[in-house]
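Residues 1 to 355 (UniProt numbering) are what the sequence shown spells out, left to right.
Accompanying notes for the structure given below.
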Amino acid sequence: MKKTICVFLFIPFLLTGCVEKEVLDDINLVTALAFDSADDNKILGTVNYNVYLQDQPVEDKQMVHQSELSRELIEDMQKQSSHPLVLGKLQIVLFGDSLVKSGINEQVDTLQREPSISERLLLVVARGEAKDILGADFSPLGASEFLTNLILHNKTELDVPRSNLHLFLHQYYSKGQDPYLPILKRTDNNIKIDGLALFHNEKFVDDIPNEKLFFFKVLSDQYTNGSHRLVLPESKEQAGIKSISSSRKFKLISTNPCKIEISIRIEGFITEYTGNKITQKTINEAEKTFEEEINKETLALFEQFKEHKIDPLGIGNEIESRSRNFKIDEWRDKIADLEIDIKSKAIITETGVID
């Protein structure tokens, strides 16, 4: 019995010896990666990596290389690096807009085949060249931490819908949905969210501007702490709606022609109002205005999707899950004829003092 116990106590030490160790001083941790189009059908890759020096802050350094294949970029960069480039801490990948317009199938395939890369990796489209965004001054945070924080807090608190490598791959390989990714833009040394990129398979075909992202997120996601500004048509006053929560339900009406009903429920409270007093009439007007705006803007988004025959909301998947006779392989040809009925309900639950 004692011998058995000793054997089991000794096993963890044996296993510890089998684990591959990587000392921070001996590696370069790649935290951000950018892909751009280059001349002669080549891909320009830019990596930002952390260098750890004793008793000094983490240093953000950059390396650039061109190659015909994305998977060869890191291999070629390894030959230029003083220490091994390790992708296990990669947080964000950016694609230049000229590249995404021609398609990013190869780059996405390279990312999904790398076992050390997390499925929660953030993917982003850049206005212009992606390398220019990584070249901005992000001190003291560094590129990956700043850009990751920028995207994540806009997803949690504002209008950017959820997206990452896992969700992109799910949408990309689905016959009933197309991918979408947030867009970043650099102005001088400032980086900001600049809309949402819409894809047809692997190609960037259109985008949604910032001012319309609220309505896309109402359709695609659930708000838990959003905000929106209303202009009340009768009084011409403005009302700021905060702590918005939302939900939506799909209902299949028919498959020939394809017709669906989407019910949207919005709740929030007025925190700002340009008028003198908030009355029950004010609340009623705000609720009605909110509902009309949601109906109008969401239907406009669907017209945009139908024009490009894209389905970023996964309507095809929703119909397939509700109808045995629906042929998902024919969905792309039916998108342009899709009929949509939006039913929205806005509820203002709190306003402070009501007269």
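Ideal placement from N, C-alpha and C gives every residue a C-beta, glycine not left out.
Please read these numbers as outputs of a predicted model, since none were measured by experiment.
In angstroms, rounded to a whole number, what distance separates the CA positions of residue i and residue j?
{"i": "arginine 248", "j": "phenylalanine 216", "result": "12 Å"}
{"i": "serine 174", "j": "aspartate 26", "result": "41 Å"}
{"i": "isoleucine 193", "j": "arginine 186", "result": "9 Å"}
{"i": "lysine 101", "j": "serine 163", "result": "19 Å"}
{"i": "tyrosine 273", "j": "histidine 153", "result": "26 Å"}
{"i": "valine 51", "j": "leucine 29", "result": "7 Å"}
{"i": "lysine 131", "j": "phenylalanine 199", "result": "21 Å"}
{"i": "isoleucine 253", "j": "leucine 338", "result": "11 Å"}
{"i": "glutamate 293", "j": "aspartate 109", "result": "40 Å"}
{"i": "isoleucine 347", "j": "lysine 242", "result": "12 Å"}
{"i": "proline 140", "j": "phenylalanine 146", "result": "9 Å"}
{"i": "arginine 127", "j": "isoleucine 191", "result": "10 Å"}
{"i": "alanine 34", "j": "serine 144", "result": "11 Å"}
{"i": "aspartate 207", "j": "aspartate 55", "result": "45 Å"}
{"i": "glycine 240", "j": "leucine 121", "result": "34 Å"}
{"i": "cysteine 18", "j": "leucine 167", "result": "In this prediction, cysteine 18 has a pLDDT of 49, which is less than 50 and means its spatial position is unreliable; what the coordinates show is noted afterwards. Cα to Cα, cysteine 18 sits roughly 34 Å from leucine 167."}
Would you call the CB atoms of residue i and residue j closer than 7 Å?
{"i": "leucine 123", "j": "leucine 69", "result": "no"}
{"i": "aspartate 60", "j": "glycine 142", "result": "yes"}
{"i": "leucine 85", "j": "glutamine 78", "result": "yes"}
{"i": "phenylalanine 302", "j": "isoleucine 270", "result": "no"}
{"i": "isoleucine 328", "j": "lysine 306", "result": "no"}
{"i": "valine 160", "j": "proline 179", "result": "no"}
{"i": "phenylalanine 95", "j": "valine 47", "result": "no"}
{"i": "leucine 232", "j": "threonine 279", "result": "no"}
{"i": "histidine 83", "j": "valine 205", "result": "no"}
Locate the beta strand (DSSP E) running through residue i, then write down its first and last residues.
{"i": "threonine 187", "result": "180-187"}
{"i": "glutamine 171", "result": "Segment 165-173 is the alpha helix (DSSP H) holding glutamine 171; no beta strand (DSSP E) there."}
{"i": "isoleucine 244", "result": "238-255"}
{"i": "glycine 45", "result": "43-51"}
{"i": "glutamate 271", "result": "Looking at the sequence shown, residue 271 is not glutamate but threonine. First-last of the beta strand (DSSP E) with threonine 271: 258-273."}
{"i": "glycine 314", "result": "Where glycine 314 is concerned, there is no enclosing beta strand (DSSP E), given that its DSSP letter is neither H nor E."}
{"i": "glutamine 66", "result": "59-67"}
{"i": "phenylalanine 326", "result": "Here phenylalanine 326 belongs to no beta strand (DSSP E), and DSSP marks it neither H nor E."}
Measure the beta-carbon distance from residue i to residue j and round it to whole angstroms, keeping in mind my assumption that it falls under 8 Å.
{"i": "proline 209", "j": "glycine 195", "result": "5 Å"}
{"i": "isoleucine 262", "j": "isoleucine 342", "result": "5 Å"}
{"i": "isoleucine 315", "j": "isoleucine 264", "result": "Rounded, the Cβ-Cβ distance is 14 Å, inconsistent with contact."}
{"i": "glutamine 91", "j": "threonine 148", "result": "5 Å"}
Given that a residue counts as buried once 16 or more other Cβ atoms are within 10 Å of its Cβ, and exposed if not, what is residue i?
{"i": "serine 344", "result": "buried"}
{"i": "aspartate 36", "result": "buried"}
{"i": "glutamate 234", "result": "exposed"}
{"i": "glutamate 75", "result": "exposed"}
{"i": "glycine 176", "result": "buried"}
What are the boundary residues of the alpha helix (DSSP H) that includes residue i?
{"i": "asparagine 154", "result": "143-157"}
{"i": "phenylalanine 138", "result": "It is not in any alpha helix (DSSP H) - phenylalanine 138 carries neither H nor E in the DSSP assignment."}
{"i": "isoleucine 133", "result": "130-134"}
{"i": "glutamate 297", "result": "280-308"}
From the beta carbon of residue i, is the nearest beta carbon of chain B less than 7 Å away?
{"i": "threonine 46", "result": "The structure shown contains no chain B; it holds only a single protein chain."}
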